Amino acid sequence: MIRFVIACVAVALVSLYTSAWSEELRELRVSAIPDENPTELMRIYTPFVEYLSRELGIPVKFYNVVDYAATVEGLAAKKLDLVWYGGFTFVQARRRTGNAIPLVSREEDLQFHSKFITRPDTGITTLADLKGRTFSFGSVSSTSGHLMPRYFLLQNGINPERDFATFSFSGAHDATALWVESGKVDAGALNEAVWGKLVERKKVDPNKVKVFWTTPPYIDYVWTVRGDLDRALVDKIAAAFIKLNYNTPADRALMDLQRTKRYVRVTTEQFKPAEEAAIAAGLLQ
17 MIRFVIACVA VALVSLYTSA WSEELRELRV SAIPDENPTE LMRIYTPFVE YLSRELGIPV
77 KFYNVVDYAA TVEGLAAKKL DLVWYGGFTF VQARRRTGNA IPLVSREEDL QFHSKFITRP
137 DTGITTLADL KGRTFSFGSV SSTSGHLMPR YFLLQNGINP ERDFATFSFS GAHDATALWV
197 ESGKVDAGAL NEAVWGKLVE RKKVDPNKVK VFWTTPPYID YVWTVRGDLD RALVDKIAAA
257 FIKLNYNTPA DRALMDLQRT KRYVRVTTEQ FKPAEEAAIA AGLLQ
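Here it is in structure tokens:
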């Protein structure tokens with residue numbers, strides 16, 4: 017009888033939590049910085065929202081956005097609840113909202129890198145060789161496609177405004193790779209995970225495009241929630257990512273979409289270096 021009563025209470029508590037979440041939001045609205053093309057983003061994140069809907073017991077929907085800034089404004093306006101940010105965009109979201117919460121990162125994001133790429137026929141083999149050449153970053157707000165590449169260029173005595181013939185923003189990592197391969201620019205910088213995926217899926221030809229420099233490590237991507245969400249729901253979202261087990265086939269299929277084998281909890285303090293790098297690079301005051 018005691019076990020039956022305890023079980024009934026547990027069911028009631030779950031129902032209470034689910035009811036409270038449903039009253040606050042009819043669906044959990046998920047988005048991600050558009051660092052790849054919209055079709056690829058839908059391919060990656062649709063299975064994640066389906067998984068989260070099952071785990072949380074509420075509807076979850078993915079929303080594509082037009083640019084990085086839209087994810088920040090969406091979270092601030094309470095039109096988005098959970099967003100996959102780069103480290104720099106998280107810093108911007110935290111500053112904009114005052115209370116955005118970093119939940120989990122891929123283990124790889126704690127030691128992330130950007131790749132500098134060029135074509136073999138450019139003769140570029142070092143950062144110094146970029147002087148007087150054309151160059152492409154990704155999005156203006158991209159951590160791995162702009163902030164950290166710019167920061168490390170400055171650390172190595174290269175100022176894009178002064179030293180490049182011209183530089184531009186492709187808008188996404190895959191676009192940067194294609195711009196370099198096609199000869200639109202001499203070199204570019206992009207996310208190491210996207211570079212690996214492009215090579216693996218034969219979207220770029222490594223005989224036509226090569227990596228000539230890799231940045232030192234830095235912290236990057238993070239799943240982030242609105243700071244005013246119900247704390248029990250926040251904890252449950254985090255737990256849904258942490259419980260994923262790469263040794264389980266269904267979980268592995270999901271984790272392969274984000275090219276990871278493990279998610280880890282993170283704190284706001286861990287992104288302080290990203291904020292400092294943005295300030296040093298002149299992208300934040």
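Under our numbering, the first residue of the sequence shown carries the number 17, and numbering increases by one thereafter. Think of the CB as a built atom: it goes at the ideal place given N, C-alpha and C, for glycine as much as any other residue. No experiment lies behind these values; they were computed from the predicted model shown.
Buried/exposed call for residue i, threshold 16 Cβ in 10 Å
{"i": "residue 274", "result": "buried"}
{"i": "residue 198", "result": "exposed"}
{"i": "residue 46", "result": "buried"}
{"i": "residue 154", "result": "buried"}
{"i": "residue 94", "result": "exposed"}
{"i": "residue 139", "result": "exposed"}
{"i": "residue 302", "result": "Since the displayed the chain opens at 17 and closes at 301, residue 302 lies outside it and no answer follows."}
{"i": "residue 137", "result": "exposed"}
{"i": "residue 293", "result": "buried"}
{"i": "residue 276", "result": "buried"}
C-beta contact flag for residue i and residue j at 8 Å
{"i": "residue 71", "j": "residue 256", "result": "yes"}
{"i": "residue 185", "j": "residue 146", "result": "no"}
{"i": "residue 160", "j": "residue 192", "result": "no"}
{"i": "residue 183", "j": "residue 176", "result": "yes"}
{"i": "residue 141", "j": "residue 201", "result": "no"}
{"i": "residue 242", "j": "residue 123", "result": "no"}
{"i": "residue 302", "j": "residue 134", "result": "Examination of residue 302 is not possible in this model, given that the chain is present from 17 through 301 alone."}
{"i": "residue 76", "j": "residue 96", "result": "no"}
{"i": "residue 297", "j": "residue 170", "result": "yes"}
{"i": "residue 227", "j": "residue 132", "result": "yes"}
{"i": "residue 244", "j": "residue 115", "result": "yes"}
{"i": "residue 128", "j": "residue 234", "result": "yes"}
{"i": "residue 300", "j": "residue 291", "result": "yes"}
Contacting residues, own chain, Cβ-Cβ under 7 Å from residue i (five flanking each side not counted)
{"i": "residue 57", "result": "48, 50, 80"}
{"i": "residue 118", "result": "106, 238, 240, 282, 283, 284, 287"}
{"i": "residue 62", "result": "78"}
{"i": "residue 254", "result": "119, 120, 281"}
{"i": "residue 100", "result": "48, 49, 237, 239"}
Secondary structure of residue i, DSSP reduced to three states
{"i": "residue 69", "result": "helix"}
{"i": "residue 148", "result": "coil"}
{"i": "residue 184", "result": "strand"}
{"i": "residue 94", "result": "coil"}
{"i": "residue 85", "result": "helix"}
{"i": "residue 237", "result": "coil"}
{"i": "residue 135", "result": "coil"}
{"i": "residue 220", "result": "coil"}
{"i": "residue 47", "result": "strand"}
{"i": "residue 61", "result": "helix"}
{"i": "residue 37", "result": "Confidence is the limiting factor: at residue 37 the pLDDT is only 40, short of 50, which leaves the residue's position unreliable and the question unanswerable from this model."}
{"i": "residue 176", "result": "helix"}
{"i": "residue 230", "result": "strand"}
{"i": "residue 215", "result": "helix"}
{"i": "residue 116", "result": "coil"}
{"i": "residue 225", "result": "coil"}
{"i": "residue 99", "result": "strand"}
{"i": "residue 163", "result": "helix"}
Spatial neighbours of residue i in its chain, beta-carbon cut-off 6 Å, leaving aside the 5 residues before and after
{"i": "residue 60", "result": "273"}
{"i": "residue 53", "result": "none"}
{"i": "residue 216", "result": "none"}
{"i": "residue 130", "result": "160, 164, 165, 205, 231"}
Sequence-distant residues of its chain with Cβ nearer than 8 Å to residue i (five each side left out)
{"i": "residue 156", "result": "84, 162, 185"}
{"i": "residue 82", "result": "50"}
**Asked** With contact counted as at least three CB pairs below 8 Å, one residue from each stretch, are the segment 227–240 and the segment 280–293 in contact?
**Response** By the Cβ criterion, the segment 227–240 is in contact with the segment 280–293, since at least three pairs of Cβ atoms, one from each stretch, lie closer than 8 Å.
**Message:** If contact is defined by three or more beta carbon pairs under 8 Å, each pair taking one atom from either stretch, is the segment 85–103 in contact with the segment 255–272?
**Reply:** With the cut-off at 8 Å, the segment 255–272 and the segment 85–103 do not touch.
**Prompt:** At a cut of 8 Å, does the segment 105–113 reach the segment 194–209 through at least three beta carbon pairs?
**Reply:** Touching, no, given that fewer than three Cβ pairs across the two stretches are closer than 8 Å.
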